[in-house]
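Chemist: Have a look at this one before I ask anything.
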Amino acid sequence: MASQSKSLPHLTSSKLFLTEAGIETTLIYKRNIHLPSFSTLPLLSTKEGTEALVSIYRDYINVALAHSTGIVLETRTWRGSPSWASELGLSIPQVLDLNRAAVNILQDLRREYQTPSTPIVISGTLGTLRDAYKDSTISFSQAQENYRSQVQVLAEEGVDMLSIMTVTNLNEGIAAITVAREFNLPIHVSFSIEIDGRLRGGRTLDDVIREVDRLTENYTTYFGVNCAHPRHIMTALRDLPKDVRLRIGSIRGNASLKSHEELDNTLVLDRGDVSVYVGEFYGLLNLLPELKVVGGCCGTDEEHLEALCLATLPLWHVPVPE
0 MASQSKSLPH LTSSKLFLTE AGIETTLIYK RNIHLPSFST LPLLSTKEGT
50 EALVSIYRDY INVALAHSTG IVLETRTWRG SPSWASELGL SIPQVLDLNR
100 AAVNILQDLR REYQTPSTPI VISGTLGTLR DAYKDSTISF SQAQENYRSQ
150 VQVLAEEGVD MLSIMTVTNL NEGIAAITVA REFNLPIHVS FSIEIDGRLR
200 GGRTLDDVIR EVDRLTENYT TYFGVNCAHP RHIMTALRDL PKDVRLRIGS
250 IRGNASLKSH EELDNTLVLD RGDVSVYVGE FYGLLNLLPE LKVVGGCCGT
300 DEEHLEALCL ATLPLWHVPV PE
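Residues 0 to 321 in numbering that gives the first Met the number 0 are what the sequence shown lists, from first letter to last.
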């Protein structure tokens, strides 16, 4: 019983939408910009930081415009909940004000660039309340309390939907969904998997998607997978029952075939082999008849998005569900 509060163009489009690529890794490795705790949120407090973010958003939008497809842009609020304030050296009011700024820059870009053939969807991004790969002890009530103030700000500023990215802790995912429901906003829930195709801790996508739907009365608009190479995502999807595959609407793949632990300990950008990335992504399209949004995650940039468009255009017209 997903929310009907917003009309989302990518849900009824006959063409897949793009989303962004690896903004964080682009900033760190290609622009030498320090991101405390891998967070882009503090950049919004300075003119220079905001300009750096906007320039990358423009690169992504230009790819979408060139291929006459829509794009879903995520606010820079993945680590924008109150739980991250002290680690980012900010007060909670400052964090919430930066959430407002994150929405406003996307609204400005939409006014500047949106066309009938390239609609722009603004998604308010939530994220893990602790490091997704080191701490899974957050309780449901803790998560719900942290997300509520953030979601209230995102809703007030007019996001079209919410996304919670890189989910490994179901308490966080379910809490985010319940808060989205309080504000009558659609929500996309995206899981992060390891190289074996399972979530950290060993659970399968089949298991977690079914459990989340059961506990939240199917409120999630669609599920996704992000922060894993398309080859590893294929491992997760290959034996997934069709009814669960039909719930997956978004894929954002890493450029690298390395594990999360290996990536955390590398000092150089691993952009992977773009042709391999695209080839593996191509196979995913045939497995996911309800796919709505495609893009990149760590290590990817506008070149990966452009290559993805060029290589997969024949499959980009997908059936609209009845």
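Every residue gets a Cβ at the ideal spot worked out from N, C-alpha and C, and that includes glycine.
How far does the alpha helix (DSSP H) with HIS231 in it reach, from first residue to last?
Modeler: Residues 229-236.
Chemist: Does VAL207 pass the burial test, meaning 16 or more other C-beta atoms within 10 Å, or should it be called exposed?
Modeler: That one is buried.
Chemist: Does the region 270-280 come close enough to the region 250-257 to have 3 or more Cβ pairs within less than 8 Å?
Modeler: Yes: the two stretches touch, three or more of their Cβ pairs being nearer than 8 Å.
Chemist: By DSSP's criteria, SER122 is part of a beta bridge. Which residues make up the other side?
Modeler: Per DSSP, GLU73 and MET160.
Chemist: Sorry if obvious, but does the Cβ on THR234 come closer than 7 Å to a heavy atom of the ligand ATP?
Modeler: The ligand ATP is absent from the structure shown, which contains no ligands of any kind.
Chemist: Going straight from the alpha carbon of ALA235 to that of THR203, what length do you get?
Modeler: Taking the straight line joining both Cα atoms gives about 7 Å.
Chemist: Report, in whole angstroms, the separation of the C-beta atoms of LEU43 and ALA84, which I expect to be a contact under 8 Å.
Modeler: The pair is not a contact, with the Cβ atoms about 14 Å apart (cut-off 8 Å).
Chemist: Taking the alpha carbon of ALA154 as the point to measure from, which residue in GLN113, ASN183 and ALA175 has its own alpha carbon closest?
Modeler: The shortest Cα separation from ALA154 among GLN113, ASN183 and ALA175 belongs to ASN183.
Chemist: Counting along the chain, where does the alpha helix (DSSP H) carrying PHE16 start and finish?
Modeler: Premise fails: PHE16 lies in the beta strand (DSSP E), 16-18, not in any alpha helix (DSSP H).
Chemist: Please classify LEU304 as buried or exposed, where buried requires at least 16 neighbouring CB atoms within 10 angstroms.
Modeler: Buried, by the Cβ-count rule.
Chemist: If you reduce the DSSP assignment to three classes, tell me which class VAL292 lands in.
Modeler: Strand.
Chemist: Contact check, GLU73 vs SER162 under 8 Å by CB: the rounded distance?
Modeler: Between SER162 and GLU73 the Cβ distance is about 6 Å, and since that is below 8 Å, they are a contact.
Chemist: Could you give the DSSP three-state label for SER12: helix, strand or coil?
Modeler: Coil, per DSSP.
Chemist: Rounded to whole angstroms, what is the Cα-Cα separation between GLY88 and ARG237?
Modeler: GLY88 and ARG237: Cα-Cα distance of roughly 43 Å.
Chemist: Using a threshold of 8 Å, state whether the C-beta atoms of SER255 and GLY223 are closer than that.
Modeler: No. Outside cutoff.
Chemist: Using a Cβ-Cβ cut-off of 6 Å (strictly less than) and excluding sequence neighbours within five positions of ILE32, which residues of its own chain qualify?
Modeler: So the qualifying residues of the chain are LEU26.
Chemist: Between the C-alpha atoms of ASN264 and LYS257, what's the straight-line distance to the nearest angstrom?
Modeler: Those two C-alpha atoms are separated by around 11 Å.
Chemist: Does DSSP put CYS308 in a helix, in a strand, or in coil?
Modeler: In the structure shown, CYS308 sits in a helix (DSSP, three-state: H, G or I).
Chemist: Compute the Euclidean distance between the alpha carbons of VAL166 and MET233, then round it to the nearest angstrom.
Modeler: Rounded to the nearest angstrom, the two C-alpha atoms are 18 Å apart.
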